[in-house]
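Reading the sequence shown from the start, the letters are residues 0 to 805 in numbering that gives the first Met the number 0.
Positions of the beta carbon are idealized from the N, C-alpha and C atoms, including for glycine.
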Amino acid sequence: MLLPVRPNREPITLAKMRFKIVPNLPEHDVVYSVATGRDGKIYMGVSSEFGGAVHAHFMSYDPKTDQLRDIADLEKCLPEGKDRLRPPHAKIHTSMMAHPDGRIFWISHVTPPIAGEKAHRIYEIFGDPERGYLGSCVFVYDPRTDAAQNLGRLYPFCGTRFATLNPERDEIYTVSYPTTHFTVFRIRTGESVDLGRISQNDAIGPCWSAQGCAYTTDDDGYMIRYDPAKEELERLPVRIPSPPGHMGHGNRVRRVKVGPDGVKLYGITGLSCHLYEYDPTAGRCGQMRDIGLLMGEEKFEAPNNVPQGKALTFGNDGQIYVALNVSGEIEGPEPAVHIVRVDPGALDGEDYGRMEIAGMLPLHAVQDACTDLDGNIYFAVAMPEPPTFLAAFHPSGLPQNIAKNLEREAAPYRLAPAQLAERKHALAARVKAKNVYWFEREWAFVSQGTVIMHDLGFEGYMPPIPPGECAITALALGPHRRLYGATSGKKSHLFVYRVEAHQARTLAYPIDLGVLNFDGVEQTGCAALIEGIDGCIYGGTSAGILFRHNPGTEVPIALPEFTYFPHPFDGTQIEDLGTPIAGEGIQALVANPARGLIYGLTPGGTLFSFDPKSRAVEKLARLEGPCVSHTLLCDPAGNLYGSMGEGQLFQYRTAEARLRVLPDLIPCGKGRAYLNAMTACVWGRDGIAYAGTSADGVLFAMEFQDEDVKIRSLGKPTWSGHIRALIAGHDGIIYGIAGRADVFSRLFCFDPKTRELRDLGILQASLVRPWVGQRFDAMAAGPNGEIFLGESDRISHLFVYYPPVH
Numbered sequence: 000m001l002l003p004v005r006p007n008r009e010p011i012t013l014a015k016m017r018f019k020i021v022p023n024l025p026e027h028d029v030v031y032s033v034a035t036g037r038d039g040k041i042y043m044g045v046s047s048e049f050g051g052a053v054h055a056h057f058m059s060y061d062p063k064t065d066q067l068r069d070i071a072d073l074e075k076c077l078p079e080g081k082d083r084l085r086p087p088h089a090k091i092h093t094s095m096m097a098h099p100d101g102r103i104f105w106i107s108h109v110t111p112p113i114a115g116e117k118a119h120r121i122y123e124i125f126g127d128p129e130r131g132y133l134g135s136c137v138f139v140y141d142p143r144t145d146a147a148q149n150l151g152r153l154y155p156f157c158g159t160r161f162a163t164l165n166p167e168r169d170e171i172y173t174v175s176y177p178t179t180h181f182t183v184f185r186i187r188t189g190e191s192v193d194l195g196r197i198s199q200n201d202a203i204g205p206c207w208s209a210q211g212c213a214y215t216t217d218d219d220g221y222m223i224r225y226d227p228a229k230e231e232l233e234r235l236p237v238r239i240p241s242p243p244g245h246m247g248h249g250n251r252v253r254r255v256k257v258g259p260d261g262v263k264l265y266g267i268t269g270l271s272c273h274l275y276e277y278d279p280t281a282g283r284c285g286q287m288r289d290i291g292l293l294m295g296e297e298k299f300e301a302p303n304n305v306p307q308g309k310a311l312t313f314g315n316d317g318q319i320y321v322a323l324n325v326s327g328e329i330e331g332p333e334p335a336v337h338i339v340r341v342d343p344g345a346l347d348g349e350d351y352g353r354m355e356i357a358g359m360l361p362l363h364a365v366q367d368a369c370t371d372l373d374g375n376i377y378f379a380v381a382m383p384e385p386p387t388f389l390a391a392f393h394p395s396g397l398p399q400n401i402a403k404n405l406e407r408e409a410a411p412y413r414l415a416p417a418q419l420a421e422r423k424h425a426l427a428a429r430v431k432a433k434n435v436y437w438f439e440r441e442w443a444f445v446s447q448g449t450v451i452m453h454d455l456g457f458e459g460y461m462p463p464i465p466p467g468e469c470a471i472t473a474l475a476l477g478p479h480r481r482l483y484g485a486t487s488g489k490k491s492h493l494f495v496y497r498v499e500a501h502q503a504r505t506l507a508y509p510i511d512l513g514v515l516n517f518d519g520v521e522q523t524g525c526a527a528l529i530e531g532i533d534g535c536i537y538g539g540t541s542a543g544i545l546f547r548h549n550p551g552t553e554v555p556i557a558l559p560e561f562t563y564f565p566h567p568f569d570g571t572q573i574e575d576l577g578t579p580i581a582g583e584g585i586q587a588l589v590a591n592p593a594r595g596l597i598y599g600l601t602p603g604g605t606l607f608s609f610d611p612k613s614r615a616v617e618k619l620a621r622l623e624g625p626c627v628s629h630t631l632l633c634d635p636a637g638n639l640y641g642s643m644g645e646g647q648l649f650q651y652r653t654a655e656a657r658l659r660v661l662p663d664l665i666p667c668g669k670g671r672a673y674l675n676a677m678t679a680c681v682w683g684r685d686g687i688a689y690a691g692t693s694a695d696g697v698l699f700a701m702e703f704q705d706e707d708v709k710i711r712s713l714g715k716p717t718w719s720g721h722i723r724a725l726i727a728g729h730d731g732i733i734y735g736i737a738g739r740a741d742v743f744s745r746l747f748c749f750d751p752k753t754r755e756l757r758d759l760g761i762l763q764a765s766l767v768r769p770w771v772g773q774r775f776d777a778m779a780a781g782p783n784g785e786i787f788l789g790e791s792d793r794i795s796h797l798f799v800y801y802p803p804v805h
């Protein structure tokens with residue numbers, strides 16, 4: 000429904016709106032956040048978007064005295080403030096919060112480029128020890144003591160675009176940028192709790208309701224509820240309004256505020272420009288009401304002609320005031336910012352016109368809004384270039400004492416019409432050049448070959464493995480071209496993907512075979528999965544249970560179309576084989592075709608064998624720690640290889656039941672052997688074994704010479720270390736995943752023929768939806784040359800990489 004708001008193309012009069020210029024900050028071009036303090040002052044984050052590589056300033060405006068005050072320069076509040084090689088904390092994005100006791104909280108953010116660089120590069124430098132952004136910090140200002148304090152780092156390497164305060168628990172809720180992890184910051188203790196990923200893009204939420212929970216949305220517009228009493232996230236079957244004919248993907252909340260009752264939430268949608276009301280108290284999941292499209296036209300067969308809404312606030316009259324970026328058929332090719340009033344009850348409204356200062360460049364946007372104790376409304380303005388300003392507005396007329404010196408303060412910045420036209424032209428050329436560079440530059444993502452992904456289920460047909468239970472930590476290609484995977488989290492699942500079932504719709508996606516549950520105990524981790532010589536799938540859990548799945552039991556039952564069903568296969572598939580080593584988990588498994596056995600290794604260093612026929616378990620050796628191998632390699636003769644304490648390579652000669660420590664150490668930086676372990680290994684098609692390490696992420700070759708093994712270091716594929724998985728492609732190339740757990744995993748490859756080692760980049764899929772994979776812990780080679788990669792996050796997918804055809 001289109002709200003009956005008639006567009007007003009006239010500028011808002013100075014009687015209703017005036018502007019307070021922010022002086023003496025020649026590189027700050029945006030006020031990104033505003034909040035009304037208990038003392039009646041307006042607190043704001045003066046930031047840089049296009050202006051310069053500078054840190055943000057925390058400032059206040061006193062309506063009574065018409066005075067601005069610069070309270071805190073973030074450069075002086077941060078240990079890295081003077082470091083010019085790192086991105087600055089250039090923004091206090093929409094993350095300023097007023098506590099009922101008078102304190103003001105805010106969080107720093109990143110995005111402007113480092114001085115001298117052309118573009119913001121968060122992915123390229125994420126976690127870089129010398130160039131990377133160190134992460135948002137939480138700050139507090141207490142007007143009673145006139146002191147600002149840095150409360151500490153919220154999370155490493157990430158920025159923060161939005162935050163909300165729960166004053167009852169003294170907690171702040173945020174979503175990290177660009178990793179989109181929901182995080183709780185506990186003010187009283189300074190503790191940060193990362194609850195995991197909730198989406199691809201960080202919606203401008205969450206927002207706390209006095210009902211007791213905080214709410215935001217995911218990429219599909221579904222409401223995400225955080226219950227602080229349970230410390231749990233839940234995706235609700237409630238969506239924000241979406242344009243007609245649209246599936247909803249990409250329609251996350253753009254701005255959201257709590258209403259006058261402190262309970263209901265009011266927001267603007269991102270994909271279109273609908274205003275909505277969400278009542279969290281209506282039933283178990285709450286109730287969504289579409290108040291209406293604010294302005295413009297939604298089209299089914301063509302791009303929408305609708306404005307963008309970036310700021311809203313409630314006036315003291317109970318009306319909603321929204322700042323809209325309006326262009327197209329309404330305003331023309333040059334967008335303008337309009338102020339619109341909406342009555343959420345009567346469903347009508349009024350456009351007060353566009354915001355402008357005569358003789359100055361048009362506004363770029365309005366980013367935030369708040370209402371002071373007397374009902375005056377303040378808008379946080381973004382300009383295309385400095386200076387920026389705070390806009391004050393009242394629908395019935397602004398008091399004379401507010402921004403009373405506009406003419407004098409704006410005079411140094413006003414331009415003659417010819418000068419103004421020249422500046423507009425120059426800015427348009429600069430924006431065009433920046434956009435061209437932005438799209439044509441080299442990105443950090445995989446660009447050679449093709450990357451797609453699969454959900455771990457099919458929503459609406461078969462329930463996907465839930466968030467928090469779907470981190471893929473093991474993969475194995477089994478018989479009949481079936482890929483098997485195991486997950487870790489609150490519960491551990493086993494799933495199957497029938498690689499050949501591209502046309503059989505009911506089976507053409509990963510299918511959950513069930514939770515690993517033995518004797519009523521649900522398992523929470525599984526990092527070892529292999530195909531045994533009998534064609535069964537064997538796995539080991541972090542609790543130490545060895546299990547077997549027989550693919551022959553996968554007999555599909557009748558599947559009526561469009562039916563929701565709990566399980567696609569008849570009967571129990573997963574068999575408990577017991578606990579080989581009491582009190583120890585299973586870290587690695589390998590099959591030995593020569594002896595018909597399965598060998599395993601525990602985190603504590605116990606090497607054991609298991610006979611699938613007799614179910615006999617034998618302890619073979621105890622490896623010295625502290626860092627033991629995460630993987631095992633079996634040679635054609637049936638001998639085993641791995642690493643033990645101090646980076647020593649071992650060989651276990653199965654025929655002689657003898658453990659040998661080999662002379663060569665696995666590679667690492669000098670003096671770091673005690674930290675090192677072999678984390679992945681694979682046989683290449685050239686008969687050489689390739690392996691990777693934990694401490695420094697070095698790829699190395701194992702060349703077998705009689706009874707000895709020669710180690711040959713092949714280099715570090717990425718700067719961030721830790722090789723997490725390796726496979727040999729059908730093209731003879733070795734592919735791997737590398738990267739610490741706290742940075743983005745990267746795909747790399749090594750060509751044994753050319754000896755070239757290359758970082759291929761971060762995995763980003765465009766199908767089935769846009770998604771950047773952050774961490775991967777498992778790989779498997781597919782039967783058709785494809786490479787499967789298991790994402791390991793709160794929300795995870797099965798990625799597929801198709802190498803380029805040469």
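By the neighbour-count criterion, in which a residue is buried when 16 or more other Cβ atoms sit within 10 angstroms of its Cβ, residue 309 is buried. DSSP lists 256, 276 as the beta-bridge partner residues of residue 265. The Cβ-Cβ distance between residue 72 and residue 49 does not fall below 7 Å.
The C-beta distance from residue 325 to residue 782 rounds to 54 Å, too long to fall under 8 Å, and the pair is not in contact.
With contacts defined as CB atoms closer than 7 Å, residue 135 and residue 90 fail to qualify as a contacting pair. In this structure, 523 is the residue among 44, 65, 523, 647 with its C-alpha nearest to the C-alpha of residue 493. Between residue 495 and residue 481, the CB-CB gap stays under 7 Å. Runs of the beta strand (DSSP E) lying entirely within the segment 298–356 and spanning at least 3 residues, in chain order: 307–313, 319–327, 331–342, 347–353.
Close CB contacts of residue 351 within its chain, under the 6 Å cut and outside five residues either way in sequence, are with 11, 338 (chain order).
The beta carbon of residue 370 lies closer than 7 Å to those of 35, 312, 313, 314, 315, 376 in the same chain, with the five residues before and after it left out. When C-beta atoms of the segment 16–24 are compared with those of the segment 76–83, fewer than three pairs fall below 8 Å, so the two segments do not count as touching. Per DSSP, residue 15 is not a residue of any beta strand (DSSP E), being assigned neither H nor E. Contact between residue 683 and residue 736 is ruled out by a C-beta separation of about 17 Å, above the 8 Å threshold.
Around the CB of residue 85, 16 or more other CB atoms lie within 10 Å, so the residue is classed as buried. Between residue 694 and residue 674 a beta carbon distance of about 4 Å is seen, short of the 8 Å cut, so the two are scored as contacting. Residue 295 sits buried, since 16 or more C-beta atoms from the chains shown fall within 10 Å of its C-beta. Residue nearest to residue 767 within the set 456, 619, 611 is 456 (criterion: CA-CA distance). Taking 8 Å as the upper bound for CB-CB distance, residue 44 and residue 30 are in contact here, some 7 Å apart.
Taken through DSSP and simplified to helix, strand or coil, residue 479 comes out as helix.
Look at residue 236 here: in three-state DSSP terms it is strand. Residue 662 carries a strand assignment under DSSP once its states are collapsed to helix, strand and coil. Looking at the DSSP output, residue 676 sits in no beta bridge, so it has no partner there. Annotation: the continuous alpha helix (DSSP H) that includes residue 76 extends over 73–76.
Bridge partners of residue 540 according to DSSP: 525.
Secondary structure at residue 180: strand, using DSSP grouped into helix, strand and coil.
For residue 783, the secondary structure class from DSSP, reduced to helix, strand or coil, is coil. Three or more Cβ pairs closer than 8 Å define a contact, and the segment 576–592 meets that threshold against the segment 616–630. Taking 8 Å as the upper bound for CB-CB distance, residue 137 and residue 153 are in contact here, some 5 Å apart. The three-state reading of DSSP puts residue 437 in helix, counting H, G and I together. Going by beta carbons, residue 172 and residue 213 fall inside the 7 Å limit. Beta-carbon to beta-carbon, residue 303 and residue 251 are separated by about 16 Å, too far to satisfy the 8 Å threshold. The alpha helix (DSSP H) runs of length 4 or more contained entirely in the segment 345–432 are, from start to end of the chain, 405–409. Residue 551 sits in a helix when the DSSP states are folded into three classes. Going by C-alpha positions, residue 635 is about 8 Å away from residue 591. In the displayed model, residue 645 falls within a helix according to three-state DSSP.
Taking a contact to require three or more Cβ pairs closer than 8 Å, the segment 740–751 and the segment 411–431 do not qualify as touching.
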